[in-house]
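Numbering (our numbering), first residue to last: 26 to 169.
Glycine included, C-beta positions come from ideal geometry on N, C-alpha and C.
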């Protein structure tokens, strides 16, 4: 099974777009809920997702109750990993190094991000870095 880390914006956009049939992040969340891949999160990533939900864009789309439910879902349904591997100076932003560290610590196969600078890395160690659209194409190409 594919093990993946989705960055905070992809996860937040996914939950905000769950009811939109053309939302790629929303489709990724639905496929996760259907068991098509395993989502890996660290405490740091969960906290970053909650911070992302505080932005006006997301506050207009999700109620505090919905955000609370998402936080619980991520805590109890996603696979939790402590950050045991440290990454420094690989990405252009220290927060992105923490996402890479989450992916490395969680022994994932894929890191999904909308961040073009991070996507340009293409891969880090054995982790493929790709856009939400490319990850969706990968998932839908597999039987399942």
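With respect to residue 108, residue 126 sits close: the two C-beta atoms are nearer than 8 Å. Within the model, the alpha-carbon separation for residue 137 versus residue 51 is close to 13 Å.
DSSP places residue 152 in the uninterrupted beta strand (DSSP E) bounded by 152-155. Of all C-beta pairs linking the segment 144-154 to the segment 84-103, fewer than three are shorter than 8 Å, placing the two stretches out of contact.
DSSP places residue 99 in the uninterrupted alpha helix (DSSP H) bounded by 89-101. Between the beta-carbon of residue 134 and that of residue 29 there is about 7 Å, and that keeps the pair under the 8 Å contact cut. Here residue 149 carries a strand assignment [DSSP, helix/strand/coil]. Per DSSP, residue 137 is not a residue of any alpha helix (DSSP H); the beta strand (DSSP E) it occupies stretches across 135-137. Note that the C-beta distance between residue 49 and residue 161 is below 8 Å.
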